[in-house]
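Colleague: When the letters of the sequence shown are read in order and numbered with UniProt numbering, they come out as residues 1 to 340.
For glycine and all other residues, C-beta sits at the position ideal for the given N, C-alpha and C.
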Amino acid sequence: MGISLSTTTRRRAPAHPYPPSLHPHPLDYYLPHPMHPPAYPAHNPPAYYHYYSSSSYTACSPANPLVGQPYFGPIELQPPQPQPRVVAPPCGEQKPAKVVNSDVNVHKDSLRLETDEMNPDHYLVSFVFDALVDGSITIYYFAKEEANCRVAPLFPETYVPIKVPFRKGLHQEFRQPLGTGIDLRYFALESLSSPLSRDDVFPIVISADTCSTPYIIDDRSYLLAHPLPQMQITQVAVTKDNEGEYNAKVIRQLLFTDNICYELREIYGLGKSSPGFSDNGSGKECVICMTEPKDVAVLPCRHMCMCSNCAKALRLQSNKCPICREIIESLLEIKIDNIL
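#1: Identify which residue in I260, I233 and D241 has its Cα closest to the Cα of S136.
#2: Give the DSSP-derived three-state secondary structure of Y51 in the structure shown.
#3: If I follow the unbroken alpha helix (DSSP H) through C261, where does it start and stop?
#4: So who's on the other strand from R185, going by DSSP bridges?
#5: If you follow the alpha helix (DSSP H) that S308 is in, where does it begin and where does it stop?
#6: For a quick check, are the C-beta atoms of H107 and D116 less than 7 Å apart?
#7: Pull up the distance between the alpha-carbon of Q230 and that of V125, whole angstroms please.
#8: Kindly indicate which residue of R150, K168, L254 and N101 has the alpha-carbon position closest to the one of D134.
#9: Give the straight-line distance between the Cα atoms of C321 and C305, rounded to the nearest whole angstrom.
#10: Could you give the DSSP three-state label for Q235: helix, strand or coil?
#11: Following the continuous beta strand (DSSP E) through P210, name the residue where it begins and the one where it ends.
#12: Does the Cβ of T291 have 16 or more other Cβ atoms within 10 Å, making it buried, or fewer, making it exposed?
#13: Using only CA atoms, which one of P177, A152 and H171 lies nearest to K163?
#14: Could you pull out every residue in the same chain whose Cβ sits closer than 8 Å to the Cβ of A311, ignoring the five residues on either side in sequence?
#15: Per DSSP, what kind of secondary structure is K108 in: helix, strand or coil?
Written as structure tokens, this is what we have:
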């Protein structure tokens with residue numbers, strides 16, 4: 001009898017065997033494709049989109065018995081609202097300017113009120129004007145405009161209109177005759193500084209008329225080409241400064257020619273601008289391309305700042321003036337060679 005040893009390992013059944021696994025081997029239920037979400041009854045889609053999520057888990061409830069399982073139900077989210085595209089409305093139509101020749105012109109920046117030497121309390125009107133033909137200048141006090149640019153004084157008996165003839169010439173100085181001035185102290189400053197409410201009555205109105213009679217004009221060819229006289233109306237208001245001095249301020253200028261009345265307005269960037277106006281586009285080149293000469297004015301701001309080609313392109317891209325950014329209502333093409 002002896003002790004025998006062996007290196008062979010024997011398997012022994014455990015004294016207490018493990019219970020069988022409740023889950024089969026993973027290879028037993030392997031599927032070649034992922035599982036599809038459970039089918040839902042068909043219904044009409046709402047006005048928003050469906051987004052599906054497979055990473056969220058829900059708690060147990062009668063409506064959702066899938067405890068601990070991925071939930072493939074529809075998550076209804078409001079989609080972002082599409083923003084409307086902002087498109088700049090096209091600016092106004094580009095049209096060529098109509099050239100109107102003015103035979104007489106009052107320089108509105110030269111208008112002054114001067115003391116009457118014969119009556120120190122009265123004031124006289126003085127200014128500089130240009131005239132291509134002979135004519136006359138009439139000074140009205142408290143007058144209004146009527147049809148065909150006619151001037152009608154409110155008090156013709158008290159303030160008789162003063163009419164002074166002139167000869168043709170450039171840069172002439174006009175001064176009202178002595179003793180024909182007006183005493184402004186009898187009027188309220190409110191009635192002098194702005195037109196009165198009744199039919200736009202202005203305290204001072206200057207009418208410059210051309211005359212086409214043969215005994216004044218010696219150029220017969222001009223008579224045949226211009227049978228009708230012209231009239232320029234300058235409507236003036238009166239202001240008072242801190243030193244008590246009265247000053248004249250031009251409100252509006254009108255030109256009546258060929259039975260048509262035009263309102264005269266200055267074009268900024270065309271020649272000399274107003275004294276108090278800062279013209280950023282005062283050069284001769286277009287402010288956009290910087291190469292072509294500018295020949296298009298923007299209305300109503302009256303900035304002449306673009307060439308014809310750039311103005312056509314701007315109409316499709318923007319509706320604002322390149323200088324002041326004001327809304328463009330129309331474009332006016334002005335040929336410099338025709339007016340210089």
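Modeller: Answer, in terms of the structure:
#1: Looking at I260, I233 and D241, the one whose alpha-carbon comes closest to that of S136 is I233.
#2: Confidence is the limiting factor: at Y51 the pLDDT is only 43, short of 50, which leaves the residue's position unreliable, though a coordinate-based value still follows. Strand at Y51.
#3: Segment I260 to L264 is the beta strand (DSSP E) holding C261; no alpha helix (DSSP H) there.
#4: In the DSSP output, where bridge partners are listed per residue, R185 has none listed.
#5: Where S308 is concerned, the enclosing alpha helix (DSSP H) stretches over S308 to R315.
#6: Against a cut-off of 7 Å, the Cβ pair of D116 and H107 comes out as no contact.
#7: Distance between the alpha carbons of Q230 and V125 is about 22 Å.
#8: Ranked by how close their Cα comes to the Cα of D134, the residues R150, K168, L254 and N101 have K168 in first place.
#9: Across the structure, C321 and C305 are spaced so that their CA atoms are roughly 9 Å apart.
#10: In the structure shown, the three-state DSSP call for Q235 is strand.
#11: Before going further, note that residue 210 is Thr rather than Pro in the sequence given. Taken as a continuous stretch (DSSP letters only), the beta strand (DSSP E) holding T210 covers F202 to T210.
#12: Under this definition T291 is an exposed residue.
#13: With distances taken between Cα atoms, K163 lies closest to P177.
#14: The residues are Q94, V296, L331 and E333.
#15: Helix.
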